[in-house]
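Trainee: Okay, here's the structure, questions in a sec.
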Amino acid sequence: MIKNNSQLETRIVTALVNDKPGVLNRITSMLRRRAFNIQSLAVGHSEIDNLSRLTVIVEGGDDIVEKLTKQLHKLIDVIKVNDVSDDNIVSRELALIKITSTPNTRNEIIQLVSIYRSKIVDVSANSIIIEATGDDQKIRALQDLLKNFGIIEVIRTGIIAMNREKINKRKEI
Amino acid sequence: MNNEIIKNGSQMVCESLIKENVDHIFGIPGGAILPLYQVLPEYPQLNHILVRHEQGAAHAADAYARATGKAGVAFATSGPGTTNLVTGIATAQMDSVPLVAITGQVGRPAIGTDAFQETDITGITLPITKHNYLVMETKDIGSIIKEAFHIATTGRPGPVLVDIPKDILQEDGIFEYPQNIDIRGYKPNIAVNQKQIKKASILIKEAKRPVILAGHGIKISNAYQELLSLAEKCQIPVINTLLGLSSFPANHYLYYGWPGMHGMAYSNLILDQADLIIAVGMRFDDRITGNPEKFAVSAKKIHIDIDPSEVGKIIQVDVPIVSDAKTALKELITNVKDKEHSEWLIQIDRIKNNHPLKLRDTQKLIPQYIIKELHEITEGKAIIVTGVGQHQMWAAQHYTFNEKNKLITSGGAGAMGFEVPGALGAQVGRPDEMVWSIAGDGGFMMTMTELATIAENKLPIKFAIINNGFLGMVRQWQELFYEKSYVSTSYNGIPDFVKLAEAFGILGIKVTDKKQVKSAIQDAIDHDGPVLIDFIVESEENVYPMIPSGATVEDMMEEPTSQEIK
């Protein structure tokens, strides 16, 4: 399934929206009604009071993402929309992965986790919770490796994305 | 302390409506909205028309808006009152009509408790409104109503619903109506992109076989004169969409009908042969395009629409112009030079002559003949309101719209039953004009309860029921695509509409013979008050031409000649 997913073309759209009750409902209602396929949607406070930033990962090519940005923009509570797929961006996702562990496997797990620069955030008698941050590829790769130990539960926040400073500007600095 | 600005929530609503120049409201009271109704006598400028069903309120307010260009206003109480508005709101949304619905909600403490007559109407109408509000603080009433009217009437118009809890309607507060408005996420007045105007002008200059496809946007932005000027300046033929009818004079030599599933054969053929389509204020509805991949493939397309999300939604266009129709047409007129297309006009006249819109010569009483006579007797001056189905298509085909804004019909939503409350709203909006409601027997029975409202208010609306005893359009599909298997489309037990009219105190006339048509129409016009004519027509008449759903112009069925023998 995951492999199938990775073959699909996806695009990253970010939006600045009013931080008011019901706004997320308006957005998801539009996505459902217009039959957009989204892989993830992450939303949280922005640096501006009363505005939230959201990141949507949508399946499809240029035409789909163009329709999505226009439909998002049409919502009164959406202030600004950007398709950042082709921009120079940093994108990250946080995942918590709970796997079975025994005294025999614990060391191996710790090694793997450190190679992936992830963290162990909980160790219980029969399981370990790992916190991993990175782009989609890294999290999938880690998840693949951990599969052999027995994955109990995975939860992911969805991707968030941010533009880097424009390259010519960075040179000046 | 200045006591004058202390108002209760209900008074604030009324004050706000007056600031927005509202003069008519269609609605029905109920528990949650009662405080608002109780202050209405303090505001005699607000004429409330008590309808008999909330669907009637929404359709009437919609038709009022289409007839006047102002926002229409509907009131309803919480729960079933608001859910009854839903069909009318969806209709206004599909056809870009400025409708402001103000609904009562249960008091704030009761919200979310499944209280008596509590319905989440902002949730329900979320996908069928341009925007909606649940007022949670009394001090917000003024700014929310101001925003509601601003959003409903600007840009691409649409319905806005404002849901107000009962305790807010009762609560006192300081009333402030904002002077200015600034909605961060809503800036519809975009200046026309001059680059695109230049590109469009070049396409118009180079085109050999251009067509203007003019829609509802012409009427909404009052661009009648600009459309006429551009067409005449460049000698470009004009084809209307259904909602665009009466935006360009049908007796003009550059007018070539309307296309689509039941449009004129020649209009479809002309679009198919065009090398440039200038689409203005329309959205390439599937009833026009059929299969969009095969729609007007030899034509380049300029698409003028105020809603950016409509550009490229169905059809890939060569030059998109995001603007209201009037502004864009004005810009185009100044950017193009005079042109002639005499060869093209000869060519399309030939198409028109070879594929004319037919009116069968028969002694039987057929709907097309009735509409034709209605047009002649009213000299095309009536406002025509229709329902949805066969009679709607015949009305659009055979009533020739030479004057501005004369057709009011449910296009995108296709809401049967629009014909009765729609006529009510149109007549209230334009009291000095003659309103004819061309109704189907099926649709009429859905909303005929509003006859009571029409009689009560002495509105001189004339009804022409095209009574074929069937859900006619559905029957036609069954005949053509389901081997004449007429499942649930034939009505057994249609009421005697003449007696029904009389029961409401309305003059009823029955017509069963072709010879009675003219005098019945004349009698209806001469009668001072509402009249209902029940035309008992041929029951299995079909609307032609027809392009089946999702098909192309090559699949068009023109009127079979064998029809005459049948």
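Sequences listed follow chains B and S, in order.
Sequential numbering from 1072 applies to the first sequence in my numbering.
Sequential numbering from 21 applies to the second sequence in my numbering.
Note that the Cβ used here is the ideal one computed from N, Cα and C, for glycine as well.
For clarity, every value in this text was computed on a predicted model and none was experimentally measured.
Answer yes or no: do residue 556(S) and residue 385(S) have a C-beta to C-beta separation smaller than 9 Å?
Mentor: yes
Trainee: If contact means a Cβ-Cβ distance below 9 Å, which residues of the segment 308 to 332 of chain S contact chain B?
Mentor: 327, 328, 329, 330, 331, 332
Trainee: Using a C-beta to C-beta distance shorter than 8 Å, which residues of chain S count as neighbours of residue 1225(B)?
Mentor: Within chain S, no residue comes near residue 1225(B); the closest Cβ sits about 32 Å away, beyond 8 Å.
Trainee: Return helix, strand or coil for residue 281(S), following the three-state DSSP convention.
Mentor: coil
Trainee: Counting only C-beta atoms, is residue 1130(B) closer than 9 Å to chain S at any point?
Mentor: Judged by the 9 Å Cβ criterion, residue 1130(B) is not in contact with chain S.
Trainee: For residue 1108(B), decide whether its Cβ has a neighbour in chain S, counting only Cβ atoms nearer than 9 Å.
Mentor: no
Trainee: Checking 9 Å against the spacing of the C-beta atoms, do residue 54(S) and residue 186(S) come in under that value?
Mentor: Less than 9 Å divides the Cβ of residue 54(S) from the Cβ of residue 186(S).
Trainee: How would you write the range of the beta strand (DSSP E) that residue 92(S) sits in, first residue to last?
Mentor: Taken as a continuous stretch (DSSP letters only), the beta strand (DSSP E) holding residue 92(S) covers 92 to 96.
Trainee: Mind pulling the chain B residues with CB within less than 7 Å of residue 147(S)?
Mentor: Going along chain B in sequence order, the residues near residue 147(S) (Cβ under 7 Å) are 1100, 1104.
Trainee: Given that residue 151(S) touches chain B, what residues does it touch there, using C-beta distances under 7 Å?
Mentor: 1147
Trainee: In the DSSP assignment, find the alpha helix (DSSP H) that holds residue 466(S) and state where it starts and stops.
Mentor: 461 to 467
Trainee: Given that residue 132(S) touches chain B, what residues does it touch there, using C-beta distances under 8 Å?
Mentor: Here the premise fails: no neighbours, minimum Cβ distance about 12 Å.
Trainee: Please determine, among 238(S), 253(S), 271(S), the residue with the shortest C-alpha to C-alpha distance to residue 263(S).
Mentor: For residue 263(S), the nearest C-alpha among the options comes from 238(S).
Trainee: Between residue 324(S) and residue 231(S), how many whole angstroms is the CB-CB distance? I'm expecting something under 8 Å.
Mentor: By a beta-carbon distance limit of 8 Å, residue 324(S) does not contact residue 231(S). Their separation comes to about 14 Å.
Trainee: Is the Cβ-Cβ distance between residue 176(S) and residue 147(S) less than 9 Å?
Mentor: no
Trainee: Applying a beta-carbon distance threshold of less than 8 Å, which residues of chain S neighbour residue 1153(B)?
Mentor: Correct list: empty, because the minimum Cβ distance to chain S is about 14 Å.
Trainee: How should residue 136(S) be labelled, buried or exposed, when 16 other C-beta atoms within 10 angstroms of its C-beta is the threshold for buried?
Mentor: exposed
Trainee: Buried or exposed for residue 1086(B), going by 16 or more other Cβ atoms inside 10 Å?
Mentor: buried
Trainee: So what's residue 483(S) in DSSP terms, helix, strand or just coil?
Mentor: strand
Trainee: So, using beta-carbon positions, are residue 261(S) and residue 296(S) closer together than 9 Å?
Mentor: no
Trainee: Write down the C-beta distance between residue 97(S) and residue 124(S) rounded to the nearest angstrom, noting that I regard them as a contact closer than 8 Å.
Mentor: 5 Å
Trainee: Are any of the Cβ atoms in chain S nearer than 9 Å to that of residue 1115(B)?
Mentor: no
Trainee: So is residue 128(S) in contact with chain B if we call contact Cβ pairs under 9 Å?
Mentor: no
Trainee: Which residue or residues does DSSP assign as beta-bridge partners of residue 230(S)?
Mentor: The partner list for residue 230(S) (beta bridge, DSSP) reads 296(S).
Trainee: Using C-beta distances below 6 Å, list every residue in its chain close to residue 1144(B), excluding the 5 sequence neighbours before and after it, in chain order.
Mentor: Only residues of its own chain outside the window of five on either side were considered, and among them 1152 have a CB closer than 6 Å to the CB of residue 1144(B), listed in chain order.
Trainee: Taking any Cβ of chain S, which residues in the segment 1199 to 1214 of chain B have a Cβ under 7 Å from it, in chain order?
Mentor: none
Trainee: When the Cα atoms are used, what is the spatial distance from residue 205(S) to residue 1178(B)?
Mentor: 53 Å
Trainee: Can you check the segment 188 to 240 of chain S for any beta strand (DSSP E) of at least 3 residues that lies completely inside it and give the ranges in chain order?
Mentor: 192 to 194, 230 to 234
Trainee: Residue 171(S) versus chain B: which residues are under 7 Å apart at the beta carbon?
Mentor: 1147
Trainee: From the DSSP output, in three-state form, read off residue 148(S) for me.
Mentor: helix
Trainee: Can you check which of these residues, 1196(B), 1168(B), 1081(B), is closest to residue 1126(B) by C-alpha distance?
Mentor: 1081(B)
Trainee: For residue 1082(B) and chain S, any beta-carbon pair shorter than 9 Å?
Mentor: no
Trainee: Measuring straight from C-alpha to C-alpha, what distance separates residue 577(S) and residue 278(S)?
Mentor: 16 Å
Trainee: Quick one: which residues of the segment 191 to 205 of chain S get their C-beta closer than 9 Å to a C-beta of chain B? List them in chain order.
Mentor: 203, 204, 205
Trainee: Taking the alpha-carbon positions, what's the residue 26(S) to residue 191(S) distance?
Mentor: 10 Å
Trainee: Quick one: which chain S residues come within Cβ less than 9 Å of residue 1141(B)?
Mentor: Annotation: Cβ neighbours of residue 1141(B) in chain S (cutoff 9 Å, chain order): 327, 328, 329, 330, 331, 332, 333.
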